[in-house]
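**Q** If you count the sequence shown from 1, position 61 lands on 62 in the numbering used here, and the numbers rise without skipping. In this text, a Cβ means the ideal position worked out from N, Cα and C, and glycines have one as well. The structure presented is a predicted model; accordingly, all values stated were derived computationally and were not measured. Take a look at this one; I'll ask things after.
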Amino acid sequence: MSIYLKNARYINYETFEITNTHIKVDKGFNNEIEFLDILPEYYNTEDVIIDCKNNIVTHSFVNAHHHVYSALARGMNPPKVIPSNFYEILKYVWWALDKCLDADMIRLSALVTAMTCAKNGVTFVIDHHASPFYIKNSLNIIAEAFDEVGVSHLLCYEITDRDGLDKAEDGLIETEEYLKKRQGLVGLHASFTISDNTLNKAVELTRKFNSGIHIHVAEDKYDQDFAMENYNKRVIERLAGAGVLDFSKTILAHCIHINEIERDIIANSPCWVVQNAESNLNNNVGFFNSEGLSDRIMLGTDGMHSDMLRSAKAAFLIGQPFDKVKGGLTYKAAYQRFRRAHDYISKNGFIGDDSNNLVVLDYDSPTPVNESNFVGHFIFGIESRHVKHVISSGDLILHDGKLVNVDESEILEQSQKIATELWELMSK
């Protein structure tokens, strides 16, 4: 089966070059799209033909740091204790939630996340999962849910000592079993919840599978204070000493409270950083500053939502005025950071983000769109509401705004029911 996008206005996501063409899209990994001057005279019975007249076609999007486990949190009751700082936000909100998750909750959280990603033009998700009382097989549950919707993924389990050394060991085992079967990363929560023993075991596992570490870094000053008090090192110095930064697949999420020495260590390593602008604002932990960190910076949502267009606009606005804000962003720089995750995926040999991952935008612009002003439209015009069709590895997963592979209304009905059960468990 092939998909034909006729009358397409294709925008190259790297050069902004605009091509008016027909596009043939074949299913599978490592497949390229084909530009056609003339459509075939005859089609196979299974072929799909979509008229893209007056629409924009471009490469779909990537979320470089997500949290499936947060999907059922929206609208939940306030915690038993109202947090007064970031550590208490973790303790009384997120750690209270993740301890209650079971298989059904994980599955529905993953389905809801994958569906929302697809509807927002996101076809690849790098996720960081936690469910300390349901660790075994949790990653496979998430992977199968994402596969069902049709969204590619790079998963990890959040290994941590915070629930006991037995749970840390279970996290290591779950990670190893998953990496035997699928592409993924070795997840760690944050330096302040990981002992040297667990950290070293995670690095060993990473080397064994030629993978990378996915970890929260200095999201709050607490992480640095704990590292200095307990290890007499700053967070990045500790992680670098253990070998975490040796891998080109390593992802450092947040990096808010790092100093110049740490920035230099990161810049001279092959690892990547993820900015999560809205989450940082929501948690009141500070503003991301990209100075001295090289250009290996991606964007994520940290589980707040699945709309990468929204995330990019937030990163841009926080970086204004770009010539006065530390690490500020121009229009083009914001767009490039939004797209940097494609480089991470391709350079590290992961599958699921080739050119046959496309989004068709029904962009009702009142002004012309051209190569020289596309980034202006990206910042101030294009929104998730414009996402009309989405193709993931050559498979049509969203058609005329409707999910193709799953029954959205049925899944939402189930998720609403199980979310209530989750909230009740959290209140006990």
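Taking DSSP as the reference, what is the three-state secondary structure of Asp-197?
**A** Residue state, collapsed to three classes: helix.
**Q** What's the gap between the Cα of Glu-414 and the Cα of Gly-76?
**A** Rounded to whole angstroms, Glu-414 to Gly-76 spans 15 angstroms at the Cα level.
**Q** Output the residue ranges of the beta strand (DSSP E) runs that lie fully inside the region 15–67 and measure 3 residues or longer, sorted by chain position.
**A** Here the runs fully enclosed are 19–27, 35–37, 49–52, 57–60, 62–67.
**Q** Taking the CB atoms as reference points, tell me whether Ile-12 and Phe-339 lie closer together than 8 angstroms.
**A** No, Cβ-Cβ distance for Ile-12 and Phe-339 is not below 8 angstroms.
**Q** CB Lys-28 to CB Ile-34, shorter than 8 angstroms?
**A** Not closer than 8 angstroms, so no.
**Q** Taking its Cβ as the centre, do 16 or more other Cβ atoms sit within 10 Å of Lys-373, making it buried, or is it exposed?
**A** Per the sequence shown, residue 373 should be read as Ser rather than Lys. Exposed, since its Cβ has fewer than 16 Cβ neighbours within 10 Å.
**Q** Considering only residues of the same chain and omitting the five flanking positions on each side of Ser-280, which have a CB-CB separation below 6 angstroms?
**A** The answer, listed in chain order, is Asp-303, Met-305.
**Q** Quick one: measure Cβ to Cβ for Ala-313 and Ala-335, integer angstroms, because I've assumed they're closer than 8 angstroms.
**A** Indeed they touch by this definition, with Cβ atoms about 6 angstroms apart.
**Q** The beta strand (DSSP E) that contains Gln-225, what's its start and end?
**A** Note, Gln-225: premise wrong, no beta strand (DSSP E); alpha helix (DSSP H) at 222–232.
**Q** Could you tell me the alpha carbon to alpha carbon distance between Thr-114 and Arg-311, rounded to whole angstroms?
**A** For Thr-114 and Arg-311, the distance between alpha carbons rounds to 16 angstroms.
**Q** With distance defined between alpha-carbon atoms, name the residue in Ile-19, Phe-17, Ile-50 nearest to Gly-395.
**A** Ranking the options by Cα distance to Gly-395, first place goes to Ile-50.
**Q** Which same chain residues, not among the five before or five after Thr-22, have their C-beta less than 8 angstroms away from its C-beta?
**A** Only Ala-9, Tyr-11, Phe-36, Leu-37, Asp-38 meet the Cβ criterion.
**Q** Have a look at Lys-234 and Ala-342 and give me their C-alpha separation to the nearest angstrom.
**A** Their Cα atoms are separated by approximately 30 angstroms.
**Q** Do Asp-171 and His-154 have their C-beta atoms closer together than 8 angstroms?
**A** Going by C-beta atoms, Asp-171 is not nearer than 8 angstroms to His-154.
**Q** Among Val-274, His-400, Ala-131, which residue has its Cα nearest to the Cα of Ile-160?
**A** Nearest of Val-274, His-400, Ala-131 to Ile-160, Cα basis: Ala-131.
**Q** Examine the Cβ distances between the region 60–78 and the region 352–362 and report whether three or more of them are shorter than 8 angstroms.
**A** Counting Cβ pairs under 8 angstroms, three or more are found: they touch.
**Q** Determine whether the beta carbon atoms of Asp-57 and Ile-392 lie at a separation below 8 angstroms.
**A** Checking the displayed sequence, the identity of residue 57 turns out to be Ile instead of Asp. In this structure, Ile-392 does not lie closer than 8 angstroms to Ile-57 by Cβ.
**Q** Return the residue from the list Ile-214, Asp-221, Asp-324 that minimises the CA-CA distance to Asp-247.
**A** Among Ile-214, Asp-221, Asp-324, the Cα nearest to that of Asp-247 is on Ile-214.
**Q** Compare the beta carbon distance of Leu-200 and Ala-243 with 8 angstroms and say whether it is the shorter of the two.
**A** For Leu-200 and Ala-243, yes; Cβs fall inside 8 angstroms.
**Q** Secondary structure at Lys-92, three-state DSSP: helix, strand or coil?
**A** It is helical.
**Q** Around the C-beta of Asp-408, are 16 or more other C-beta atoms found within 10 angstroms, so that it is buried, or is it exposed?
**A** So Asp-408 ends up on the exposed side.
**Q** Tell me the residue span of the alpha helix (DSSP H) that contains His-378.
**A** It spans 375–381 - the alpha helix (DSSP H) in which His-378 sits, taken as one unbroken run.
**Q** Do His-190 and Thr-217 have their beta-carbon atoms positioned less than 8 angstroms apart in this structure?
**A** Strictly speaking, residue 217 in this sequence is His, with Thr absent from that position. Yes, Cβ-Cβ distance for His-217 and His-190 is below 8 angstroms.
**Q** Which whole runs of the beta strand (DSSP E) in the region 93–162 are 3 residues long or more, in chain order?
**A** Correct list: 123–128, 153–155.
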